[in-house]
Every structure is written in C-alpha cells, then in structure tokens.
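Just below is one structure, and these are the notes that go with it.
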Amino acid sequence: EPEVTQTPSHQVTQMGQEVILRCVPISNHLYFYWYRQILGQKVEFLVSFYNNEISEKSEIFDDQFSVERPDGSNFTLKIRSTKLEDSAMYFCASSTNPGQGSGTEAFFGQGTRLTVV
Amino acid sequence: GEDVEQSLFLSVREGDSSVINCTYTDSSSTYLYWYKQEPGAGLQLLTYIFSNMDMKQDQRLTVLLNKKDKHLSLRIADTQTGDSAIYFCAETAYSGGYQKVTFGIGTKLQVIP
Numbered sequence: 001e002p003e004v005t006q007t008p009s010h011q012v013t014q015m016g017q018e019v020i021l022r023c024v025p026i027s028n029h030l031y032f033y034w035y036r037q038i039l040g041q042k043v044e045f046l047v048s049f050y051n052n053e054i055s056e057k058s059e060i061f062d063d064q065f066s067v068e069r070p071d072g073s074n075f076t077l078k079i080r081s082t083k084l085e086d087s088a089m090y091f092c093a094s095s096t097n098p099g100q101g102s103g104t105e106a107f108f109g110q111g112t113r114l115t116v117v
Numbered sequence: 118g119e120d121v122e123q124s125l126f127l128s129v130r131e132g133d134s135s136v137i138n139c140t141y142t143d144s145s146s147t148y149l150y151w152y153k154q155e156p157g158a159g160l161q162l163l164t165y166i167f168s169n170m171d172m173k174q175d176q177r178l179t180v181l182l183n184k185k186d187k188h189l190s191l192r193i194a195d196t197q198t199g200d201s202a203i204y205f206c207a208e209t210a211y212s213g214g215y216q217k218v219t220f221g222i223g224t225k226l227q228v229i230p
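In order, the protein sequences belong to chains Y and W.
Note that the working numbering has the first sequence beginning at 1, numbered continuously upward.
Note that the working numbering has the second sequence beginning at 118, numbered continuously upward.
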C-alpha cells in the first residue's frame with residue numbers, strides 16, 4: 001500500500017543549527033503538508049504546498065521555516081536556526097487534491113522527532 | 118476558527134467496547150477522521166467519514182456522526198490490548214481552496230487485560 005515516508009525518524013540538533021526534514025509523498029499526490037506536534041499538545045498545521053509554491057501557512061510558519069520540492073519525489077522542511085521550542089514531532093502529509101470529494105483525504109507519514117538541545 | 122475537542126483519557130477492560138467522543142466546530146467540514154498514534158509512532162489513519170453520512174462501519178470500528186450537534190464518535194468493539202494508543206479526532210477545513218486538517222488533543226485509550 002502506498003505510504004508517505006519521512007527521514008530521519010529522529011534528529012537531534014544543537015540550538016542555532018539548520019535542519020532539513022525529508023519526506024517522500026505518495027507518488028500520484030499533488031498537495032503536500034507539514035504538521036507538527038509538540039509533546040503533549042495538539043497536532044498543528046504548519047504549511048500546505050502545491051505547484052511549487054506555498055498555498056497556505058499558519059502563524060507558526062515564520063521566516064525560520066521554508067519548504068521545497070527539490071525534485072519529483074522529495075518534499076522538505078527546513079528550519080534555518082533551530083530553537084529549543086522547535087522540538088516536536090513533525091509530520092508530512094500528502095493528498096491527491098484538496099477538494100471535497102471522495103478520495104481527497106490526507107495521508108500522514110510516521111513523523112520525524114526533532115530534539116533541539 | 119476551527120476547533121476539535123475530545124476527552125483526554127479512557128480506560129476499558131479487554132473485550133469491552135470503547136467509545137471515544139469528539140466535538141468539532143466547523144460546520145463546513147467535509148471529512149472527519151480518526152487517527153491512531155501508538156507510543157513513539159506516527160499517525161495512522163484508522164477511518165474517516167464523509168459529512169453526508171451518519172454512520173460508517175469497518176470491522177470492529179463504528180463511526181457515528183451527528184452533524185446537527187457536530188458530534189463524532191468512534192466505537193471499538195471487543196477492545197484488545199493492542200488498541201491501547203492515543204486516538205485523534207480531526208476535521209478538514211478548506212481555506213482558499215486548500216485542505217487543512219485540525220486535530221483534537223487526542224484521547225489516550227488504556228486497555229486493561
């Protein structure tokens with residue numbers, strides 16, 4: 001069964017360092033998303049991406065964050081200068097389209113646990 | 118804005134039925150999801166219901182939707198110890214034509230052998 005895959009599963013980084021979280025969405029999906037879950041809190045929307053540009057972002061997604069689709073298969077989230085409060089589980093998701101019909105649900109990856117020390 | 122509320126904890130005995138409840142605010146939600154998260158793992162889509170349905174059954178899982186009250190429930194029949202996990206209710210909202218999933222805080226299900 002097709003699935004969204006994320007690497008690495010766990011990343012430890014020093015405060016101030018740049019990190020890149022990688023995702024391979026399901027191959028025929030066109031819409032991509034990043035969410036994060038701080039320990040003990042809700043899963044929060046960060047950004048959606050379509051046609052090589054951001055379609056929507058939350059207030060969490062500030063200038064420290066960027067997303068990119070560097071090739072036909074990968075979708076990345078970059079945090080330029082990590083802060084302690086960036087420690088969270090980051091989930092990538094993809095969907096065929098954002099519409100409201102059947103088959104448009106988002107599929108989530110297993111997540112990357114980012115620990116900033 | 119969109120909000121999803123659910124209780125934090127539920128404890129049941131193995132073999133009993135579990136019912137996890139959720140309320141949501143966005144009346145325009147088209148899909149409502151249930152995700153399962155085991156310790157240290159990612160989000161596993163368990164089931165979902167389209168907003169024009171009242172009920173959906175999938176093996177041991179039954180989802181009930183009361184659109185008038187914006188209430189969603191997940192019933193797990195014959196609950197097993199392997200069902201112990203956090204269960205997230207989620208709704209979809211469409212903003213500017215793009216999908217955004219809003220999650221509840223998650224209900225931790227503890228199954229007692």
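Think of the CB as a built atom: it goes at the ideal place given N, C-alpha and C, for glycine as much as any other residue.
Of the listed residues the options, nearest to residue i (C-alpha basis)
i: L114 (chain Y); options: Y:P2, Y:V67, Y:V43, Y:L21; result: Y:L21
i: K78 (chain Y); options: Y:C23, Y:N28, Y:F45, Y:E1; result: Y:C23
i: E59 (chain Y); options: Y:V67, Y:E53, Y:F45; result: Y:F45
i: S146 (chain W); options: W:Y165, W:G159, W:E155; result: W:Y165
i: E1 (chain Y); options: Y:S27, Y:D86, Y:G16, Y:S73; result: Y:S27
i: F107 (chain Y); options: Y:M15, Y:W34, Y:E18; result: Y:W34
i: L39 (chain Y); options: Y:N51, Y:D71, Y:S87, Y:F61; result: Y:S87
i: R112 (chain W); options: W:G132, W:G223, W:I229; result: Residue coverage of chain W in this structure runs from 118 to 230, which leaves residue 112 (chain W) outside it and unanswerable.
i: Y204 (chain W); options: W:T196, W:H188, W:A210, W:G221; result: W:G221
Buried/exposed call for residue i, threshold 16 Cβ in 10 Å
i: T231 (chain W); result: With chain W covering only 118 through 230, there is no way to say anything about residue 231 (chain W).
i: K153 (chain W); result: buried
i: K235 (chain W); result: Residue 235 (chain W) lies beyond the range of chain W shown here (118 to 230); nothing can be said about it.
i: P8 (chain Y); result: exposed
i: Q41 (chain Y); result: exposed
i: L226 (chain W); result: buried
i: E122 (chain W); result: exposed
i: F126 (chain W); result: exposed
i: E18 (chain Y); result: exposed
i: E208 (chain W); result: buried
i: L105 (chain Y); result: For the record, residue 105 (chain Y) in the displayed sequence is Glu; it is not Leu. Buried: at least 16 other Cβ atoms inside 10 Å.
Residue i at chain Y interface by Cβ criterion, 9 Å
i: Y204 (chain W); result: no
i: L226 (chain W); result: no
i: K217 (chain W); result: yes
i: T142 (chain W); result: no
i: Q176 (chain W); result: no
i: L162 (chain W); result: yes
i: G199 (chain W); result: no
i: A158 (chain W); result: yes
i: V137 (chain W); result: As written in the sequence, residue 137 (chain W) is Ile, which differs from the Val given in the question. It does not: the Cβ of I137 (chain W) has no partner Cβ on chain Y nearer than 9 Å.
i: A194 (chain W); result: no
i: T179 (chain W); result: no
i: F126 (chain W); result: no
Anticipated Cβ contact below 8 Å, residue i with residue j, distance rounded
i: S144 (chain W); j: A194 (chain W); result: Actually they do not touch by this definition, with Cβ atoms about 30 Å apart.
i: T82 (chain Y); j: T13 (chain Y); result: 6 Å
i: S190 (chain W); j: C139 (chain W); result: 7 Å
i: F32 (chain Y); j: F91 (chain Y); result: Actually they are not in contact, since the Cβ atoms of F32 (chain Y) and F91 (chain Y) sit about 11 Å apart, beyond 8 Å.
i: E56 (chain Y); j: K217 (chain W); result: 7 Å
Contact with chain W by residue i, beta-carbon distance below 9 Å
i: A93 (chain Y); result: yes
i: Q6 (chain Y); result: yes
i: A88 (chain Y); result: no
i: E56 (chain Y); result: yes
i: G109 (chain Y); result: yes
i: Q11 (chain Y); result: no
i: Q41 (chain Y); result: yes
i: N27 (chain Y); result: According to the sequence displayed, residue 27 (chain Y) carries Ser and not Asn. Not one chain W Cβ lies under 9 Å of S27 (chain Y).
i: E105 (chain Y); result: yes
Any non-hydrogen atom of the ligand ADP closer than 8 Å to residue i Cβ
i: L178 (chain W); result: Summarising the ligand content, the structure contains no ligands, and the ligand ADP is consequently not present.
* Asked: Which residue spans inside the stretch 119 to 183 of chain W form an unbroken alpha helix (DSSP H) run of at least 4?
  -> none
* In chain order, each alpha helix (DSSP H) run of at least 4 residues that lies wholly inside the stretch 35 to 107 of chain Y -> none
* **3-residue-minimum beta strand (DSSP E) runs that sit fully inside the stretch 186 to 215 of chain W, ordered along the chain** => 188 to 193, 202 to 212
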